[in-house]
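A.B. asks: I'd like to ask you about the structure that follows.
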Amino acid sequence: MWTQQSRQRHNRDQLRYPSDLTDAEWSWVEKLIPPAKRGGRPREIVVREVLNGIMYVLSTGCQWRYVPRDLPPSGTIYGYLQRWEYDGTLMKIHFALYQECREQAGREASPTACIIDSQSVKSAEKGGSRLIRKATMRGRKSVARSGISWSIPPAC
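First residue of the sequence shown: 191, per the working numbering; consecutive thereafter.
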């Protein structure tokens with residue numbers, strides 16, 4: 191329930207963008223981000239800003255080329271997003287936050303029951319979309335393609 195205390199805790203007015211991470215949110219996520227690889231150049235980018243850029247694109251739905259200039263370059267943000275998806279970092283973040291939300295709600299960290307809809311199982315067993323016949327998806331012939339033009343009167 192929204193109380194005065196919870197409103198202050200979730201207030202995002204002091205942030206640069208509403209999608210930016212607060213210090214408390216960053217403290218949860220920071221320990222899950224992998225360190226820079228050994229060898230080579232040291233990491234010059236601020237990883238928190240990269241995550242803020244990812245959150246900006248996801249929350250606004252803007253195109254990558256329209257990422258604001260005060261965030262890291264869009265290519266850098268996209269590269270980190272791909273890398274974290276590939277190595278499982280995003281899944282680790284999601285799972286850790288999911289467990290914490292369940293614990294804060296007074297539930298067990300991992301759900302103990304699962305409900306599967308029987309219709310979903312039946313369609314998956316039978317092949318689902320393969321049941322659609324191609325005859326039901328037949329397109330119309332265009333008038334221009336058929337070579338008949340009704341604007342010219344027929345010759346007698």
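Beta carbons are placed, not taken as given, at the ideal position from N, Cα and C, and that holds for glycine.
In terms of residues, what are the limits of the alpha helix (DSSP H) holding Leu248?
C.D. replies: Where Leu248 is concerned, the enclosing alpha helix (DSSP H) stretches over Val237 to Thr250.
A.B. asks: Cα separation between Ile223 and Thr279?
C.D. replies: Ile223 and Thr279: Cα-Cα distance of roughly 7 Å.
A.B. asks: Sort Tyr207, Glu215, Gln194 and Gln195 by Cα distance to Cys291 and report the nearest one.
C.D. replies: The shortest C-alpha separation from Cys291 is found at Glu215.
A.B. asks: Ordered along the chain, which non-local residues of its own chain (more than five positions away) have a Cβ less than 7 Å from that of Arg202?
C.D. replies: So the list reads Pro208, once near-sequence residues are dropped.
A.B. asks: Under the criterion of a Cβ to heavy atom distance below 7 Å, does Gly296 qualify as lining the ligand GDP?
C.D. replies: The ligand GDP is absent from the structure shown, which contains no ligands of any kind.
A.B. asks: In whole angstroms, what is the alpha-carbon distance linking Arg238 and Glu293?
C.D. replies: For Arg238 and Glu293, the distance between alpha carbons rounds to 25 Å.
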